[in-house]
Amino acid sequence: MITYMDRVVISSAVPVMQKEFGFSFMTMGVILSSFRWGYALFQLPGGWLGDRFGPRRALTWIVTWWSIFTSLTIFAWNATSMVVFRFLFGVGEAGAFPTATRSLSRWMLPAERGYAQGITHAGSRLGAAMTPVLVVATMTRFGWRTTFVLFGSLGIMWAAVWYWYYRDTPEEHRSVNEAERNMIHAALGGARSKITKSVPWKRIFACSTVWYLSGMYFFYGYCLSVYLDWFPKYLNDHRHFNLQQMGFYASMPLLAGTFGDLIGGTWSDHWLKRTGNLKMARRFVGVGGFLLAAVAIVPAALTTNSLTSVWFNCVAFFGLELTVGVSWALPLDIGRDYAGSVSAVMNTSGNIGGAISPTALAYLKGAFGWDVPFLVAAAGCLVSAVLFSKIDPGHQISVEEP
Numbered sequence: 000m001i002t003y004m005d006r007v008v009i010s011s012a013v014p015v016m017q018k019e020f021g022f023s024f025m026t027m028g029v030i031l032s033s034f035r036w037g038y039a040l041f042q043l044p045g046g047w048l049g050d051r052f053g054p055r056r057a058l059t060w061i062v063t064w065w066s067i068f069t070s071l072t073i074f075a076w077n078a079t080s081m082v083v084f085r086f087l088f089g090v091g092e093a094g095a096f097p098t099a100t101r102s103l104s105r106w107m108l109p110a111e112r113g114y115a116q117g118i119t120h121a122g123s124r125l126g127a128a129m130t131p132v133l134v135v136a137t138m139t140r141f142g143w144r145t146t147f148v149l150f151g152s153l154g155i156m157w158a159a160v161w162y163w164y165y166r167d168t169p170e171e172h173r174s175v176n177e178a179e180r181n182m183i184h185a186a187l188g189g190a191r192s193k194i195t196k197s198v199p200w201k202r203i204f205a206c207s208t209v210w211y212l213s214g215m216y217f218f219y220g221y222c223l224s225v226y227l228d229w230f231p232k233y234l235n236d237h238r239h240f241n242l243q244q245m246g247f248y249a250s251m252p253l254l255a256g257t258f259g260d261l262i263g264g265t266w267s268d269h270w271l272k273r274t275g276n277l278k279m280a281r282r283f284v285g286v287g288g289f290l291l292a293a294v295a296i297v298p299a300a301l302t303t304n305s306l307t308s309v310w311f312n313c314v315a316f317f318g319l320e321l322t323v324g325v326s327w328a329l330p331l332d333i334g335r336d337y338a339g340s341v342s343a344v345m346n347t348s349g350n351i352g353g354a355i356s357p358t359a360l361a362y363l364k365g366a367f368g369w370d371v372p373f374l375v376a377a378a379g380c381l382v383s384a385v386l387f388s389k390i391d392p393g394h395q396i397s398v399e400e401p
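Numbered according to numbering that gives the first Met the number 0, the sequence shown spans residues 0 to 401.
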C-alpha cells in the first residue's frame, strides 16, 4: 500500500507543481518517466538482493531508501533536480515487489499463491485509490511539500515493524508450529527454505515462459502507467473536473482495481483447487481480464459524458487488475527459490513499458488529443491477452543443473 501511496502522490500534485514551477506538459512527462526508468533499471539488482540476503533484511533496506527519497522530493528546485530525486526514488522502490514475492515463496502453498498475491497488490491499489483524496486534502491546507514528508514517514515506520516481525523461513518464526511447517514443506515438494548464494540467470533467460511473461507485463505496465501517472490530469484537463472532484473521481478506478486484484487471485486459486489444472487456472483469469480492459477502454475514451467515462474506466481498470494476482503468482510457480529474480525480470519489462508510457502519452496527447493515448492502451491490453495465452506455469526453473 505504501509503495503506491508514495508513487501516486506526485500525480495528484501535478496541477499545483506545474503552476509553481512552470513545467510544460512534456517536461512533466519526463519527470514522471524518471521514476519509471529508475524503477525499471534496478529491478534485477533488487530481485537479486532479496534472493541473496533474504527478504527480511532486503525489504528493510529497500523501504528505508525509497522513503527517504520520497521526503527529499520537497527540496527539488527545478526540472533537473526533480528528475534526479524521482529517479533515485525509483531505484529504491525497484526491489519492493520482487523481494515481496520472494518473501512469500516459502510460506504460501501453491493453491494460495494467486490469493496471496491478490491481497498484496490489492493493498497497492487501495493505497493508490486513497492517495488522491488524501493528497488534495493535505495539499490544499498545508501545501504539496507536506504530503511528501508525511508519506515518506510511513515507510520508515513500516520498515521497523517488518524487521521486528518477519522471518525468512517458517523454521525461524516462533509462531509457526511443527504441523504448519510440515504442511508447507509437503506442499512445496519437501524442499526446505534456503537463501541462495547465486542466481541461475542463464536458465532464467533461457526459459520461454519467462519471455512470454515479460512481454505480457510490458504492455500491462504501459497501461497501468496511463492510470497512475496521468488519469488525475486527464480528469482535470479533458473532463473539466475541479481539483476536489479530480481527487474523488481519480480514486474510483483504483478502488475498482483493488477488487480486481482480490477477485482475480481468488478465482485462479479456486479454479486450481477444483480442476488441478494450473495452466488453465492462470490463463483463464489473465486472458479474460485483459480482454475486459481492452473492451471497456474504448467507450471510456470516446464517450462525451464525463461521468460515463469514469464508470467505463472503472470497468477497464477492474479488468486490468484481475490479471495482477495471477501474473505475480507465476514467478512463484516458475521460480520457487528464484522467485525474486524471475519476478524482477518480469517487472523490469513491465516498468520499461511504464517508463515509456508517460512521455509517449504526452506526445500522443499533444499530437492527437486525449482519445488516442487511451485507444493505444486498449491495443496493448489485446496484445497482453495473446501473450498470456502462451504462458505455461508448469515450466519451472530447475534447481539442479540440467
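For glycine and all other residues, C-beta sits at the position ideal for the given N, C-alpha and C.
Which of helix, strand or coil DSSP assigns to K232 = helix
*asked:* On a Cα-Cα basis, can you pick out the residue from A343, V7, M16 and G53 that is closest to T210?
replied: First, the amino acid is wrong: residue 210 is Trp here, not Thr. Comparing Cα-Cα distances from W210 to each of A343, V7, M16 and G53, the minimum goes to A343.
Point to revise | Candidates S23, F311 and L227, of which the one nearest I296 by Cα | key: F311
query = Which residues in the same chain as D228 place their Cβ atom closer than 6 Å to its Cβ, once the five residues preceding and following it in sequence are excluded?
reply = S10, L31 and P357
Same chain, Cβ closer than 7 Å to V90, neighbours up to 5 away in sequence not counted = G37 and F41
Evaluate Y164 with the Cβ neighbour count: other Cβ atoms within 10 Å of its Cβ, from every protein chain shown; 16 or more gives buried, anything less gives exposed.
exposed
Over what stretch of residues does the alpha helix (DSSP H) that includes Y114 continue unbroken?
R112 to F141
For this session: Counting only runs of 4+ residues fully inside the stretch 159–221, write out the alpha helix (DSSP H) ranges in chain order.
Result: 177–186 and 200–204
Thinking C-beta only, is N241 closer than 8 Å to A39? no
When we look at the beta-carbon of A136 and count the other beta-carbons within 10 Å, is it buried (16 or more) or exposed?
exposed
Report task. Assign H239 to buried or exposed, taking buried as 16 or more other Cβ atoms, counted over all protein chains shown, within 10 Å of its Cβ. Result -> exposed
What three-state label does DSSP hand R289 in the structure shown? Looking at the sequence provided, one finds Phe at residue 289 rather than Arg. Reduced to three states, the DSSP call for F289 is helix.
Any alpha helix (DSSP H) of 4 or more consecutive residues that is wholly inside the stretch 25–113
42–52, 54–71, 78–92 and 95–103
Inspect the beta-carbon positions of L141 and F88 and report whether they are closer than 8 Å. As written in the sequence, residue 141 is Phe, which differs from the Leu given in the question. No, they are not a contact pair.
Handout entry: Simplified DSSP state of D260, which is helix, strand or coil
Key = helix
Just reading off the alpha helix (DSSP H) that P330 is part of, what are its end residues?
S305 to G334
(request) Could you tell me the boundaries of the alpha helix (DSSP H) in which M4 lies? (result) I1 to F20
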